[in-house]
Amino acid sequence: MAGTTMIVNGCSSSARDLWRVLADDGDPPQIRTPQSVLADWWPTDGTPDMLLVDAGVAVATVRSLVERIVATVGHPPAVVSFADADDEDLAAHVRDGSEFLLAPFRPHLVQSRLAVSRHTRDLGVALSHLQAAAEHRDFERDLAIGREIQLGFLPQALPEIEGWDIAAWFQPAREVSGDFYDAYDVINGRFLAFAIADVCDKGIGAALFMALIRSLLRQAAAAEQSDVEPSAALVLRAVRTTNDYLMANHMHQAYFATLFFGVVDPRTGDLVFINCGHNPPVIRRADGTQQRLEPTGPALGIMPDARFELGRAKLHPGDLLFLYTDGVPEAKNCDGEFFGDERTSSVLVEGGTAEAVVDRFATAIRTHSGTADQFDDVTMLGLRRQPTYGEPI
Numbered sequence: 001m002a003g004t005t006m007i008v009n010g011c012s013s014s015a016r017d018l019w020r021v022l023a024d025d026g027d028p029p030q031i032r033t034p035q036s037v038l039a040d041w042w043p044t045d046g047t048p049d050m051l052l053v054d055a056g057v058a059v060a061t062v063r064s065l066v067e068r069i070v071a072t073v074g075h076p077p078a079v080v081s082f083a084d085a086d087d088e089d090l091a092a093h094v095r096d097g098s099e100f101l102l103a104p105f106r107p108h109l110v111q112s113r114l115a116v117s118r119h120t121r122d123l124g125v126a127l128s129h130l131q132a133a134a135e136h137r138d139f140e141r142d143l144a145i146g147r148e149i150q151l152g153f154l155p156q157a158l159p160e161i162e163g164w165d166i167a168a169w170f171q172p173a174r175e176v177s178g179d180f181y182d183a184y185d186v187i188n189g190r191f192l193a194f195a196i197a198d199v200c201d202k203g204i205g206a207a208l209f210m211a212l213i214r215s216l217l218r219q220a221a222a223a224e225q226s227d228v229e230p231s232a233a234l235v236l237r238a239v240r241t242t243n244d245y246l247m248a249n250h251m252h253q254a255y256f257a258t259l260f261f262g263v264v265d266p267r268t269g270d271l272v273f274i275n276c277g278h279n280p281p282v283i284r285r286a287d288g289t290q291q292r293l294e295p296t297g298p299a300l301g302i303m304p305d306a307r308f309e310l311g312r313a314k315l316h317p318g319d320l321l322f323l324y325t326d327g328v329p330e331a332k333n334c335d336g337e338f339f340g341d342e343r344t345s346s347v348l349v350e351g352g353t354a355e356a357v358v359d360r361f362a363t364a365i366r367t368h369s370g371t372a373d374q375f376d377d378v379t380m381l382g383l384r385r386q387p388t389y390g391e392p393i
């Protein structure tokens with residue numbers, strides 16, 4: 001039964017605290033001792049897709065529970081261990097592959113962790129299916145399915161905001177990609193959040209890491225906002241929370257990602273952003289001048305407690321913000337010549353709507369590359385504040 005949560009080991013105070021947090025959120029989980037689960041439950045209470053395991057439960061017992069679920073439904077549950085303190089029992093579960101929660105349990109952090117854990121589990125299941133299919137010589141077909149799954153993580157439709165136009169273009173070098181872009185309303189629809197990112201690798205691993213980062217950013221952006229400059233507070237919290245999670249849980253995998261994450265007020269054009277080591281987006285002003293938004297912090301997943309500074313800019317009527325991954329300047333032709341920063345700037349000279357600019361880049365890159373193989377993912381996002389009457393486009 002999808003969406004069913006079970007707390008394993010109902011004897012500890014932390015288990016009861018966690019149960020109350022989830023119950024207060026309208027989703028009270030089952031709460032069982034491991035002995036009762038193994039002795040008399042299967043599967044009449046519904047097969048859980050999420051196990052919240054007290055760190056005092058033996059790792060071997062958790063493995064037995066997971067194996068039983070796999071035997072019943074064909075795939076593992078998400079497993080999150082919890083404890084009152086960071087001790088050896090909890091560390092043993094983390095070494096065995098479990099996510100973790102530490103008391104005190106704060107509702108929005110608990111929900112974010114569970115959502116990310118489920119999402120990671122779902123991706124792991126999908127990717128394991130792809131790998132198994134490859135062993136049966138169905139790799140190309142199933143990677144295409146994986147690409148369809150990944151495309152589902154990208155916006156199905158970009159937000160429509162009065163006075164603004166938005167366009168995007170996404171072309172992976174392989175069937176699945178480490179690039180992504182996103183755009184969505186935040187803070188009760190008053191602001192627009194948008195992002196573009198590039199994971200350091202390509203293929204299945206990069207796609208999984210990409211989906212994790214996207215989920216973390218969205219979960220953090222959905223949390224309750226500060227009343228004092230909410231857009232700046234949202235940007236800082238989203239980036240810091242994402243980096244902290246990656247460093248705490250995925251540093252050993254040696255993945256990192258560049259990211260540009262911004263929030264703009266459509267009423268004023270005020271933009272707040274953090275550039276995490278990403279290619280500097282370019283503001284093409286209505287008068288034709290160009291301004292680059294340089295990095296304000298390191299890439300995600302490189303260092304704990306990284307310092308991320310806020311950047312600010314203003315988009316006036318007729319201004320366009322163009323964001324891209326390194327697949328744009330690093331697109332090569334058959335002679336090995338890069339598309340380069342100079343061509344990138346020249347394509348922006350003409351201006352136009354977001355869609356026109358993005359389409360012009362796609363055409364320019366295809367013309368430059370010709371029949372040369374594409375070695376890097378290409379992702380672009382354009383955001384333009386529409387001109388008022390009489391202003392240049």
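Mapping of the sequence shown onto full-length UniProt numbering: residues 1 to 393, in sequence order.
Ideal placement from N, C-alpha and C gives every residue a C-beta, glycine not left out.
When DSSP reads this structure, V53 sits in a beta bridge with V8, S81.
Inclusion of S231 and F191 in the CB contact set at 7 Å is warranted, their separation being smaller than that value. Taken through DSSP and simplified to helix, strand or coil, V349 comes out as coil. Taking the C-beta atoms as reference points, D319 is found nearer than 7 Å to I283. With a contact defined as Cβ atoms closer than 8 Å, F105 and L236 miss out at about 23 Å.
DSSP lists D198 as the bridge partner or partners of D179.
Exposure of V125 is indicated by the presence of fewer than 16 other C-beta atoms within 10 angstroms of its C-beta. Annotation: G340 to R214 spans about 28 Å, alpha carbon to alpha carbon. Counting along the chain, N249 sits inside no beta strand (DSSP E); it lies in the alpha helix (DSSP H) bounded by residues 230 to 249. Note that the C-beta distance between D84 and A115 is not below 7 Å. Per DSSP, the beta bridge partners of M380 are W169, Y324. For the pair A173 and F361, the Cα-to-Cα distance works out to about 17 Å. Look at Q253 here: in three-state DSSP terms it is helix. Boundaries for A58: no alpha helix (DSSP H) harbours it, and the DSSP string shows neither H nor E there. Annotation for L22: the continuous alpha helix (DSSP H) segment containing it runs 13 to 24. The C-beta separation of S81 from V53 comes to about 5 Å, placing the pair in contact by the 8 Å criterion. Under DSSP, no beta-bridge partner is assigned to D27. Distance from the Cα of C200 is smallest, within the candidate group G311, D185, A254, for A254. When C-alpha distances from A221 are compared across L212, S117, D122, A238, the shortest belongs to A238.
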